[in-house]
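Asker: Quick one: the structure is below, questions incoming.
Numbering (full-length UniProt numbering), first residue to last: 1 to 183.
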């Protein structure tokens, strides 16, 4: 299976999967990523541990801080105590809230802001309105950071003619300036 096909199947499975936490599975929130496909997570009770990402998700699904995951516990791990079984997307979280399986006290409800919803913030009058002096167009045209060249000066003179560069034949030898030898 090619990489693109594998990615397509993994993403399709993630989007279509119905969330029903199994026995022993728990919902956790990502606190950070220390590296090597490990993620520091926190449960609703406040316990922190590392969760590993299985190979099927690697390089296909990205997890960032604040995302929610469904994890399976690992018995033999001392530092890594869980393996990620599903990355919870907002539709998954909403279905868990409807089922009553979401931890309301620890993780508040995720509300969807529609485009019609406007947030009202108290508007402050502008403190200092700075008036910038007018800058003449001549100052903006010249840039001291760039060296002048024949092509640039031809444009600046108002003519549209670009100077022609002579062709170098294979028999022509280039003469470089002679620099004094340092001894």
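Using N, Cα and C, we set each Cβ at its ideal position, and we do this for glycine too.
What residues are listed by DSSP as bridge partners for residue 39?
Answerer: For this step, residue 39 is matched to residue 39 along the chain shown. DSSP, once it has assigned bridges, lists 51 as partnering residue 39.
Asker: Which two residues bound the contiguous beta strand (DSSP E) that contains residue 69?
Answerer: The residue you call residue 69 lines up with position 69 of the chain shown. Unbroken beta strand (DSSP E) run through residue 69: 68-73.
Asker: Consult DSSP for residue 44 and reduce its assignment to one of helix, strand or coil.
Answerer: Counted from its first residue, the chain shown places residue 44 at position 44. Of the three classes helix, strand and coil, the one that applies to residue 44 here is coil, per DSSP.
Asker: Looking only at its own chain, which residues have a Cβ that is under 8 Å from the Cβ of residue 19, when we skip the five neighbours before and after it?
Answerer: Your numbering for residue 19 matches position 19 in the chain shown. Excluding sequence neighbours, residue 19 sits near 70, 86, 88, 92, 95, 96.
Asker: Can you check which of these residues, 180, 81, 4, is closest to residue 43 by C-alpha distance?
Answerer: Position 43 of the chain shown, counting from 1, holds the residue named residue 43. Checking every option, the nearest Cα to that of residue 43 belongs to 81.
Asker: Can you find the residues in the same chain that come closer than 6 Å, C-beta to C-beta, to residue 33, ignoring five residues on each side of it along the sequence?
Answerer: Your numbering for residue 33 matches position 33 in the chain shown. Here the set comprises 39.
Asker: Where do the N-terminal and C-terminal ends of the beta strand (DSSP E) with residue 83 fall, by residue?
Answerer: The count along the chain shown starts at 1 and reaches residue 83 at position 83. Its beta strand (DSSP E) spans residues 80-88.
Asker: For residue 120, does the three-state DSSP call read helix, strand or coil?
Answerer: Here residue 120 is taken as the residue at index 120 of the chain shown, counted from 1. Unreliable placement is indicated for residue 120, whose pLDDT of 48 sits below 50; no coordinate value is reported for it.
Asker: Below 8 Å between beta carbons: does that hold for residue 83 and residue 54?
Answerer: Here residue 83 is taken as the residue at index 83 of the chain shown, counted from 1. Here residue 54 is taken as the residue at index 54 of the chain shown, counted from 1. For residue 83 and residue 54, yes; Cβs fall inside 8 Å.
Asker: Is the Cβ of residue 49 closer than 8 Å to any Cβ of chain B?
Answerer: Of the protein chains in the structure, only one exists, and it is not chain B.
Asker: By Cβ distance below 6 Å, which residues in the same chain neighbour residue 103 in space, the five residues on each side in sequence not counted?
Answerer: Taking the chain shown and counting its residues from 1, one reaches residue 103 at position 103. Once the five neighbours on either side are set aside, the close Cβ partners of residue 103 are 44.
Asker: If you drop the 5 nearest sequence neighbours on each side, which residues of the same chain put their C-beta closer than 6 Å to that of residue 51?
Answerer: Counted from its first residue, the chain shown places residue 51 at position 51. For residue 51, where only same-chain residues beyond five positions count, the Cβ hits under 6 Å are 39, 41, 71, 82, 84.
Asker: Would you kindly work out how many angstroms separate the C-alpha atoms of residue 3 and residue 181, rounded to a whole number?
Answerer: Translated into the one-based positions of the chain shown, residue 3 becomes position 3. Translated into the one-based positions of the chain shown, residue 181 becomes position 181. Taking the straight line joining both Cα atoms gives about 59 Å.
Asker: Tell me the rounded alpha-carbon separation between residue 66 and residue 46.
Answerer: As a working mapping, residue 66 is identified with position 66 in the chain shown. As a working mapping, residue 46 is identified with position 46 in the chain shown. When only Cα atoms are considered, residue 66 and residue 46 end up about 14 Å apart.
Asker: Can you tell me whether residue 11 is buried or exposed, with buried defined as 16 or more other CB within 10 angstroms of its CB?
Answerer: Translated into positions along the chain shown, residue 11 becomes position 11. It counts as exposed.
Asker: So, helix, strand or coil for residue 26, using DSSP?
Answerer: As a position in the chain shown, residue 26 is number 26, starting the count at 1. Residue 26 sits in a strand when the DSSP states are folded into three classes.
Asker: If we call anything under 8 Å between Cβ atoms a contact, is residue 68 one with residue 29?
Answerer: In the chain shown, residue 68 corresponds to position 68, counting from 1. In the chain shown, residue 29 corresponds to position 29, counting from 1. In contact: residue 68 and residue 29 (Cβ atoms closer than 8 Å).
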